[in-house]
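Line by line, the protein sequences are chains A and B.
With the working numbering, letter number 93 in the first sequence gets 93, and the count goes up by one each step, no holes.
With the working numbering, letter number 42 in the second sequence gets 255, and the count goes up by one each step, no holes.
These notes are about the structure you will find just below.
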Amino acid sequence: MREVSVHKMGQAVGAYVAKKVSKAEQAALLAYGAEILIGSAIKLSVLFSLTAVLGVLPEVAVLLLVTGLLRTLSGGAHCSAYYRCLVTSVFILTALGYMIKTVQPFTGSLPPVVLCGITLISIYLYWRYAPQAPINKPFKSKKMELAFRWYTLIAVVMLSILSITLGTDNPVSWTMVFALLWQAFTLTPAGHRLIGSLDILLTLKQKGGEAKC
Amino acid sequence: MLKFISKPVCQGLAAMLALIAVMNIGTTSMFLFYQPEPPKKS
Numbered sequence: 001m002r003e004v005s006v007h008k009m010g011q012a013v014g015a016y017v018a019k020k021v022s023k024a025e026q027a028a029l030l031a032y033g034a035e036i037l038i039g040s041a042i043k044l045s046v047l048f049s050l051t052a053v054l055g056v057l058p059e060v061a062v063l064l065l066v067t068g069l070l071r072t073l074s075g076g077a078h079c080s081a082y083y084r085c086l087v088t089s090v091f092i093l094t095a096l097g098y099m100i101k102t103v104q105p106f107t108g109s110l111p112p113v114v115l116c117g118i119t120l121i122s123i124y125l126y127w128r129y130a131p132q133a134p135i136n137k138p139f140k141s142k143k144m145e146l147a148f149r150w151y152t153l154i155a156v157v158m159l160s161i162l163s164i165t166l167g168t169d170n171p172v173s174w175t176m177v178f179a180l181l182w183q184a185f186t187l188t189p190a191g192h193r194l195i196g197s198l199d200i201l202l203t204l205k206q207k208g209g210e211a212k213c
Numbered sequence: 214m215l216k217f218i219s220k221p222v223c224q225g226l227a228a229m230l231a232l233i234a235v236m237n238i239g240t241t242s243m244f245l246f247y248q249p250e251p252p253k254k255s
């Protein structure tokens, strides 16, 4: 049976579109764009369907927006294949969303100093570990790395200020703070080990076709 | 069915895919824990 993968679907779409617009030289670029588009669409569909069923869609939507934005700027731990990324991130985001919803009655009564403390820990972790480029997409220069470092820190400070302004009784502020902390954790050696362990657990059939990174 | 997909639609799709690719070549992909291999420069 022919193996179906997001990589192969992306290649097929890229080749087809390149042929249709008579730009065969752009086939690889279009295939790369198609792989990211298809992969993200499948992942978001699975994630939102599952979280809607579990009743944690608003929490996971905020988590996804904050971690997605910061992940683009700061990088972080990665999985070695698409389906492992799908299972790992759906599991982690759903579990975090469920946990945030469950502890909401408790966190709503906490003093603002706790919220400030968590944001300060997050800011320190970003200061210490960001940015981290994927192995297959290294920074082209020191200047670019420094720019991403500052973009990350500015985004983290802005989101921290926003969450503190919203206050401890607002569930969105706690969701944002947990998203900041989770994304910061994926930058640390412990975060890399955790994602690495989940990646190995899901290695049912280690095979080529999808790039190692 | 493919006959009905006209060239302008493909051109729009090509522009969108190229934009997504260019935006993701130098940075971490926003929604993916897995980072696809970027195209090699020819």
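Where a beta carbon is used, it is the ideal one built from N, C-alpha and C, also for glycine.
CA-CA distance, residue 121 (chain A) and residue 101 (chain A)?
-> 22 Å
Thinking C-alpha only, which one of A:64, A:10, A:16 and A:12 is nearest residue 224 (chain B)?
-> A:16
Going along chain B in order, which residues have a C-beta closer than 8 Å to the C-beta of residue 82 (chain A)?
-> 245, 247 and 249
Would residue 179 (chain A) count as contacting chain B if we go by Cβ distances under 7 Å?
-> no
What did DSSP end up calling residue 239 (chain B) once you bin it into helix, strand or coil?
-> coil
Does any C-beta atom of chain B lie closer than 7 Å to the C-beta of residue 62 (chain A)?
-> no
With 8 Å as the limit, tell me which residues of the segment 21-42 of chain A have their beta carbon closer than that to any beta carbon of chain B; keep them in chain order.
-> 21, 23, 25, 26, 28, 29, 30, 31, 32, 33, 34, 35, 36, 37, 39 and 40
With a cut-off of 7 Å, does the C-beta of residue 138 (chain A) fall near any C-beta of chain B?
-> no
Thinking residue 43 (chain A) and residue 227 (chain B) are a contact (beta carbons under 8 Å), I'd like their distance in whole angstroms, please.
-> Actually they are not in contact, since the Cβ atoms of residue 43 (chain A) and residue 227 (chain B) sit about 23 Å apart, beyond 8 Å.
Limits of the unbroken alpha helix (DSSP H) element including residue 191 (chain A) = 189-201
Reduced DSSP secondary structure (H/G/I, E/B, other) of residue 75 (chain A) | strand
Residues of its chain near residue 255 (chain B), where Cβ-Cβ distance is below 7 Å and the 5 sequence neighbours each way are ignored | For residue 255 (chain B), the pLDDT reaches just 49, beneath the cut-off of 50, and the residue's location in the model is therefore unreliable, leaving the point undetermined.
Give the DSSP-derived three-state secondary structure of residue 248 (chain B) in the structure shown.
-> coil
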